[in-house]
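The sequence shown: position 136 = 1264 (this note's numbering), numbered continuously.
For every residue, glycine included, the Cβ atom is placed at its ideal position computed from N, Cα and C.
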Amino acid sequence: MKLIRRITGSSAPSAVVLVRLAVGLIFLSEGIQKFLFPGEIGAGRFAKIGLPSPELLGPLVGIFEIACGLLVVLGLMTRLAVIPLIVIMLVAIFSTKVPILLDKGFWSMAHDSRTDFSMLLGSMFLLVVGAGRLSLDSYLAKRHPRHDSWNR
């Protein structure tokens, strides 16, 4: 149980909820859109940029974005939830923004990747600090104080 406390614990201020909402709601929205507009945002987009098995990868990424985005918004298992989101953002940057950098230069890439880098850094921030005080993790920790058997 020590591991769970390390994953869910956070002494970060309540204001972290603002970062959680920004990161979580954007991922949640993008995940839903992968199902609403698969040709433009989901599997079709993945095929266009050359990702393998786009018909499988598109919905799979959408499911992760929806589930993990919701967990981040709620502040439940936030540190675990952002790990797949960080991977998604790294793949997005390397598969779509590096080609822009090589083709059109730094400033074009910087403009086109501002959301990607913001989402990556926001997710990394949540991985480091946790969900903060205004979270389900914090609420559950208060409802279930430490027991001696949990520290073994």
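Am I right that residue i and residue j are in contact with their C-beta atoms under 8 angstroms? What's the rounded C-beta distance?
i	j	result
V1200	V1151	6 angstroms
I1120	Q1161	For the chain, the structure presents residues 1129 to 1280; residue 1120 sits outside this window and is missing.
S1236	I1221	The Cβ separation is near 14 angstroms, so there is no contact.
T1206	A1171	That pair is no contact at about 28 angstroms.
L1156	G1197	3 angstroms
Straight-line CA distance for residue i to residue j?
i	j	result
G1116	K1270	What is shown of the chain runs 1129 to 1280, which leaves residue 1116 out entirely.
A1140	R1261	6 angstroms
I1228	L1146	31 angstroms
V1144	V1257	9 angstroms
W1165	P1182	The identity of residue 1165 in the sequence shown is Phe, whereas the question assumes Trp. Roughly 14 angstroms separates the two Cα atoms.
G1190	H1239	24 angstroms
M1252	A1209	11 angstroms
H1275	T1243	Only weak support is given to the placement of H1275: the predicted model assigns it a pLDDT of 47, under 50, and the value that follows is read from those uncertain coordinates. Roughly 43 angstroms between the two C-alpha positions.
E1158	L1131	31 angstroms
R1148	L1254	7 angstroms
R1134	D1265	11 angstroms
T1224	S1263	33 angstroms
S1246	G1203	19 angstroms
Y1267	G1137	10 angstroms
I1211	K1232	30 angstroms
Can you tell me where the alpha helix (DSSP H) holding residue i begins and where it ends?
i	result
M1205	Neither: M1205 is in no alpha helix (DSSP H) and is coded neither H nor E.
S1181	Here S1181 belongs to no alpha helix (DSSP H), and DSSP marks it neither H nor E.
E1158	V1144 to L1164
I1132	K1130 to T1136
Taking only runs that begin and end inside the region 1220-1278, name each unbroken alpha helix (DSSP H) of 4 or more residues, in chain order. Listed in chain order, the complete alpha helix (DSSP H) runs (minimum 4 residues) inside the region 1220-1278 are 1226-1232, 1234-1240, 1242-1257 and 1264-1271.
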